[in-house]
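Residue numbers (my numbering): 6 to 360. We put the CB at the ideal spot given by N, CA and C, even for glycine. Just so you know, these numbers come straight off a predicted model, no measurement behind them.
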Ligand code: ARG
Ligand code: ZN
Ligand code: CA
C-alpha cells in the first residue's frame, strides 16, 4: 500500500523546483506550504498481462481499463487531464487527513484550498436503452438498478452484515442518492455493440448522452464477448461520459445468474467516480490509490471465503471494486469514499453535480 507522502512546509518549499516539470496547472507555491504530493506510483497504463488477471474466466474482462487505453490512444490530452485529476484528488485527501483546507461545499475553516466535498450528493440518472425489440429491457430492471445503486452507495446493502471484523470499521456510507431522470429507448437489431462507445453515437445507431455535466448516463445494450459492463473515468470526453451495462446484467435479472443482482452498475459507477479495481490492475506493488484497501495481486471471482490472503494481507474480496459475484460484494471503504468525493469540490470534474 502506498500512501500520499506528506512533508513539512519547509521541505515542501525546497521541492518546488523539482515539481516544475509536473504538468499540473494547479501547482502553486501555496500548495507546497500545505502539502507535498507524491505522484510516482501513478500510471494510466495497464500491462495486457495484468488485464488478464489470474483467472481464465471468460465472463470477466477488465473492459473499463481496456476502454481507457482505447480513449488514451485517441485523445492526446486525456492523460494530462487524468494526471491533473489524480493530483488534485491526492491533494484534497492529504489536506483532509492533515485537518487543513476547507471542506469543499461547506463553510469549514482552515486553509483556502478545498478538501473533499462533504454532504449529501444527488445524481440524476438517464437510462439510454438500445434494445433488440421494444420492451426487452423492463421497467422492473430500471427500477431495481436505481434501487440497488441507492442501497449500495448509502450502505444499505443487506449483505453488509457479513463483513469480517477486520474491515468492519472501514465500511462507508457514500451518501450519494440516485434518482431516475429519464429513459430513452431505440430499437436496433445489432447483436453485439463492443466497447468502443458506438452505443453513444446516434449516427451509429446509438443514443447521445443527456447533459453529462448534470446527469449520470447509463447505456443498456448487448455488449457481447461475455462483458458485463464498462465505464468512462473522470476526465474523458463529455460525448462518451457515463456507464455501459450489458442487457442481462442491468438491474435485477434471472438471465444474469450470479451477476443478476445489479452490482455491475455499482462497480461501474465506482469507476465513473474514479475508483480503480481493488487490486490496482497489477501485482502486489500496484495500488488502487486508496490507502485503506489492502493490496492484492489479481481479481477474485465467485464468492471467496475469508481470509483470502494475497500480498501477505487478507484481500477485501467483498469490495464492490473486486470481481466477485454480485451477492458477495457489499462495501466501499472510507478511503474510496474520500476519493470519490474529491471529484465534487470547486474546480473538480464533478463539481457541476453539487452546484
Ligand atoms: N468486468 C467489469 C469491469 O471491469 C465488471 C465487473 C462487475 N462485477 C460484478 N460482480 N458485477 O468493469
Ligand atoms: Zn471494473
Ligand atoms: Ca490500496
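Note that the C-beta distance between residue 71 and residue 200 is below 8 Å.
In the three-state reduction of the DSSP assignment, residue 257 falls in the strand class, which pools E and B. The three-state reading of DSSP puts residue 92 in helix, counting H, G and I together. Not one heavy atom of ligand 1 lies closer than 7 Å to the C-beta of residue 100. The three-state reading of DSSP puts residue 71 in helix, counting H, G and I together. The DSSP-derived three-state label of residue 123 is coil. Here the alpha carbons of residue 140 and residue 291 stand approximately 43 Å from one another.
Of all alpha-carbon atoms in 195, 322, 214, 326, the one lying nearest the alpha-carbon of residue 188 is that of 214.
For residue 130, the secondary structure class from DSSP, reduced to helix, strand or coil, is strand. Judged by DSSP secondary structure, residue 154 falls within the alpha helix (DSSP H) whose first and last residues are 144-158.
Residue pairing of residue 227 in beta bridges, as defined by DSSP: absent, with no partner found.
The Cβ atoms of residue 284 and residue 296 lie no closer than 8 Å to each other.
Taking residue 145 as reference, the option from 331, 256, 355, 172 with the minimal CA-CA separation is 256.
Counting only the Cα atoms, residue 321 lies some 8 Å from residue 172. Residue burial is scored here from C-beta neighbours: residue 81 has fewer than 16 other C-beta atoms within 10 angstroms and is therefore classed as exposed. Cα atoms of residue 306 and residue 134: separation of roughly 28 Å, rounded to the nearest angstrom. Beta-bridge partners assigned by DSSP to residue 235: 249. Relative to the non-hydrogen atoms of ligand 3, the Cβ of residue 329 never comes closer than 7 Å to any of them. Between residue 230 and residue 197 a beta carbon distance of about 7 Å is seen, short of the 8 Å cut, so the two are scored as contacting. Look at the beta carbons and you see the region 96-106 not touching the region 153-168: under three pairs across the two are nearer than 8 Å. When DSSP states are grouped into helix, strand and coil, residue 42 belongs to the coil group. With 16 or more other CB atoms across the displayed protein chains lying within 10 angstroms of its CB, residue 354 is buried. At least one heavy atom of ligand 3 falls within 7 Å of the beta-carbon of residue 295. The Cβ atoms of residue 190 and residue 136 lie closer than 8 Å to each other.
Taking residue 246 as the centre and dropping the five residues before and after it, the same chain places the C-beta of 214, 217, 222, 237 closer than 7 Å to its C-beta, in chain order. By the criterion of a C-beta distance shorter than 7 Å, residue 251 is surrounded in its chain by 227, 228, 232, 233, 234, once the five residues flanking it on both sides are discounted.
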